[in-house]
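*Asks:* The sequence shown lines up with residues 213 to 288 when you count with our numbering.
Think of the CB as a built atom: it goes at the ideal place given N, C-alpha and C, for glycine as much as any other residue.
Only a predicted model underlies this, so the values are computations on that prediction, with no experimental measurement involved.
First, the structure itself, so that you have it in front of you.
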Amino acid sequence: MELRTQIHVNAPEAVSNAFEVTVNICNAVNLNSEQFDLTFDLDVVNVLDVDAGNINGTTVPIAIWSPSGFIRILSP
Numbered sequence: 213m214e215l216r217t218q219i220h221v222n223a224p225e226a227v228s229n230a231f232e233v234t235v236n237i238c239n240a241v242n243l244n245s246e247q248f249d250l251t252f253d254l255d256v257v258n259v260l261d262v263d264a265g266n267i268n269g270t271t272v273p274i275a276i277w278s279p280s281g282f283i284r285i286l287s288p
């Protein structure tokens, strides 16, 4: 049986202060590049910082981070 690649955005269900969100990619085979866009409601979320990720020891850079409600994750 072939496993399907899954992407999960992990964030707390309820918050009252600063919190961290992680994006996990599971069951990926031969993943050598990726791109996804994350949008958010500025009336609800204030993004303070975005850190590069890691896939099997390779850094995944943040291509665009705009406090206006848009983050693009892109790896070459």
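Among 284, 238, 278, which has the Cα closest to the Cα of residue 222?
*Replies:* Among 284, 238, 278, the Cα nearest to that of residue 222 is on 238.
*Asks:* Quick one: residues in its chain with C-beta nearer than 6 Å to the C-beta of residue 252, no 5 flanking neighbours on either side, listed in chain order?
*Replies:* The answer, listed in chain order, is 281.
*Asks:* Going by alpha carbons, who is nearest to residue 216 out of 286, 240, 279?
*Replies:* Residue 216 has its Cα closest to that of 240, out of 286, 240, 279.
*Asks:* Roughly how many angstroms separate the alpha carbons of residue 224 and residue 258, rounded to a whole number?
*Replies:* Each residue's alpha carbon lies about 15 Å from the other.
*Asks:* Suppose you measure from the CA of residue 261 to the CA of residue 268; what does that come to, to the nearest Å?
*Replies:* So the two alpha carbons sit approximately 23 Å from each other.
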